[in-house]
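This report refers to the structure that appears directly beneath it.
There are 4 protein chains.
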Amino acid sequence: MTTQSSVAPGQAQDLARQVGEAMFSADVASKDTMRMELLACEPGRALMRMEVRAAHLNGHQICHGGFIFTLADSTFAFACNSRNQNTVAAGCSIEFLKPAHEGDMLTCEGIEQVQSGRHGIYDMRVTNQKGQTVALFRGKSAQIAGTVIPTDEVKPEEAKK
Amino acid sequence: MTTQSSVAPGQAQDLARQVGEAMFSADVASKDTMRMELLACEPGRALMRMEVRAAHLNGHQICHGGFIFTLADSTFAFACNSRNQNTVAAGCSIEFLKPAHEGDMLTCEGIEQVQSGRHGIYDMRVTNQKGQTVALFRGKSAQIAGTVIPTDEVKPEEAKK
Amino acid sequence: MTTQSSVAPGQAQDLARQVGEAMFSADVASKDTMRMELLACEPGRALMRMEVRAAHLNGHQICHGGFIFTLADSTFAFACNSRNQNTVAAGCSIEFLKPAHEGDMLTCEGIEQVQSGRHGIYDMRVTNQKGQTVALFRGKSAQIAGTVIPTDEVKPEEAKK
Amino acid sequence: MTTQSSVAPGQAQDLARQVGEAMFSADVASKDTMRMELLACEPGRALMRMEVRAAHLNGHQICHGGFIFTLADSTFAFACNSRNQNTVAAGCSIEFLKPAHEGDMLTCEGIEQVQSGRHGIYDMRVTNQKGQTVALFRGKSAQIAGTVIPTDEVKPEEAKK
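Residue numbers (the working numbering), protein chains in the order written: chain A, -4 to 156; chain B, -4 to 156; chain C, -4 to 156; chain D, -4 to 156.
Right, dumping it as structure tokens:
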């Protein structure tokens, strides 16, 4: 499930963390509007968390499916950009398995499944605080031109850790 | 593409409108948090609208895909509950075709494609103010027990129009 | 739902038919192995047909879902190549709504929903001889280099009809 | 990823093998028409194999995507029926990553991701003889009434091994 890379493992790890921090600080939707937390951003993997609040409830008094999707979509974005190659979502599918209620803490882990040329497939799993799977999300990514953070801004002291 | 129904067309139309109003007034996520508007709720069809605001932007300064999904998912919910049979989303897929920017007015139309037993397939199309397709969304619905509004609350004078 | 084209309508229609014939005659899988018929190949649209035979039955004595998918996937291929631009399937989803039995005649219509840059979305609907929807299939296409038939082989007398 | 079960691990393993053999022997489509081999059928997991033959080629002289789907769909069926509960496919999605050519040996592994009530999610991965991922397939299953093999036909001596 790993991809080819000319970067040493420790450097790739540092780079992913820096990319994650840079992306997250600019991501108003995930950080401020949805109040997600980015717990980890590693090469081909990300981990995020979000609490279900009153503002997330639909008419059935459960979390709107769109916000569960949004958590998974953000996790997908961090995972697929983690190698500092600008990457966008081309398409996604989600299966809803359990409703989420106000106060539930949702955690989403995203993992790269395959990378083939410019296209990748990532799987996200959203679980609640009881460890139950709330949703499974599969994303198709497409790399575009450019890097997330300028290559010359990758902090050398950190890249050597 | 229509489904069997023992209700007269005019009554079905009225019922759908009442169901839409009842659902929307209780839907904090769509109405207050996302500031969507429900433009139409008809048997097997719904039309919603949402403006992209600064709070919706991700790190690329474009609308977070999760919010485009949320608009389509809400439209799906209104369309598939429009016959007053409680219905939930089982799974959804979305294809992103064009980015949406701050100030864009996104309109989503959702239409029932097929209903087979308790399961239905609905197609949503999100367009911007230029008529360009921003995303296509397909939802699978499953009917559950109960009605959206109590059958004896369907207003008779309106049901007779 | 149409796409930009510099070709006159009549020419586009003729070209699609020629592309369909050329593709079908070389398609052993669809023509010989699955015994499909190509009923129409038009710009952004195709129509195919296949009878369910004993060889298609799985252990439940119903048509293997893979062969229903195959009919829809072929229809997708003809529809998305119909403008003589080499195009491949990137991903597909299918919803199974009714089983198909031996002797059923399955018809599949495929229609372009949107074309955006090199990527397109096509919807296929498989129905049986009673007009019931057996499956809905959505395909994502990607254009690649080259044409299906050499541009200089497009028959001029036919292009003028 | 495991599911609740009142059956001892060894018994579940034996039962899955017997279910697999019973299903496969009756599955003309997979066994005779597509010439697949069932390499393993375990609780929530199956492994199948198929060689790409001339009869599988489309007009591009590569394996028709429908037959790659069919291999994955069969693997899905064995994996989701492996607990001897009659289960059908409700919907599937597939992403095509690499073409398959005549003579390629395709192996597909299917693994249960989650089971929630009557519904399950299974992931299938199709690889070629070089270990390259040819396609990823995700299937949604729905349990229906009945068992694959009669409960009193489960061979006791094997169930005790």
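Yeah, the Cβ is synthetic: ideal placement off N, Cα and C, and Gly gets one too.
In this text the structure is predicted, and so the values were computed from the model without any measurement.
- Interface annotation, B:K125: not in contact with chain C, CB-CB separation never under 8 Å.
- Interface annotation for the region 68 to 91 of chain B against chain A: D68, S69, A72, V83, A84, A85, G86, C87, S88, I89, E90, F91, criterion Cβ-Cβ distance under 8 Å.
- Per DSSP, reduced to three states, the secondary structure at A:V109 is strand.
- For D:Q56, DSSP records no beta bridge to any residue.
- Per the C-alpha coordinates, the member of C:T142, C:R48, C:R40 positioned closest to C:I116 is C:R40.
- Between C:V109 and B:L92, the gap from beta carbon to beta carbon is short of 8 Å.
- The beta-carbon separation of C:F71 and C:G134, rounded to 4 Å, stays under the 8 Å limit for a contact.
- In the DSSP assignment, D:E32 forms a beta bridge with D:R44.
- Each of D:L131, D:M18, D:G112 was checked against the Cα of D:C103, and the nearest Cα belongs to D:L131.
- Annotation for D:D9: the continuous alpha helix (DSSP H) segment containing it runs 4 to 20.
- Between the region 58 to 69 of chain A and the region 50 to 66 of chain B there are three or more inter-stretch CB-CB distances shorter than 8 Å, so the stretches are counted as touching.
- For C:K93, no Cβ of chain A is located within less than 8 Å of the residue's own Cβ.
- A:V109 belongs to the set of residues whose beta carbon lies under 8 Å from a beta carbon in chain D.
- Under DSSP, A:L66 forms no beta bridge with any residue.
- The criterion of a C-beta distance shorter than 8 Å is not satisfied by D:S88 and D:G15.
- Shown here for D:N53: same chain residues with a beta carbon closer than 6 Å to its own, the five before and five after excluded, namely H59 in chain order.
- For A:R48 and A:G98, the gap between their C-alpha atoms comes out near 6 Å.
- When DSSP reads this structure, D:R133 sits in a beta bridge with D:S88, D:D118.
- A:A3 counts as exposed, since fewer than 16 other beta carbons sit within 10 angstroms of its beta carbon.
- The residues K135, in chain order, have a CB closer than 6 Å to that of D:G86 in the same chain once the five nearest residues on each side in sequence are set aside.
- With fewer than 16 other Cβ atoms from the protein chains shown falling within 10 Å of its own Cβ, C:M100 counts as exposed.
- Note that the C-beta distance between C:T28 and D:A50 is below 8 Å.
- Nearest C-alpha to C:E37 among C:S25, C:F73, C:V23: C:F73.
- For A:T128, at least one C-beta of chain D is nearer than 8 Å to its own C-beta.
- For the region 1 to 24 of chain D, residues whose beta-carbon sits nearer than 9 Å to a beta-carbon of chain C comprise A17, M18, F19, S20, A21, D22, V23, A24.
- Going by C-alpha positions, D:I106 is about 43 Å away from C:R12.
- In the structure shown, C:V83 adopts extended strand secondary structure according to DSSP, grouped into three states.
- In this structure, the CA atom of B:I57 is about 45 Å from the CA atom of C:E32.
- D:A140 counts as exposed, since fewer than 16 other beta carbons sit within 10 angstroms of its beta carbon.
- Close partners of B:I116 in chain C (Cβ separation under 9 Å): E90, L92, T128, L131.
- The residue from D:K125, D:D9, D:D118, D:Q80 with its alpha-carbon nearest to that of D:H96 is D:K125.
- The beta carbon of A:M45 sits closer than 7 Å to those of M29, R30, M31, L66, L101, all from its chain and outside the five residues before and after it, given in chain order.
- Partner residues in the beta bridge of B:C103, as assigned by DSSP, are B:M43, B:V121.
- For C:D147, the closest of C:Q8, C:N79, C:Q127 by C-alpha to C-alpha distance is C:N79.
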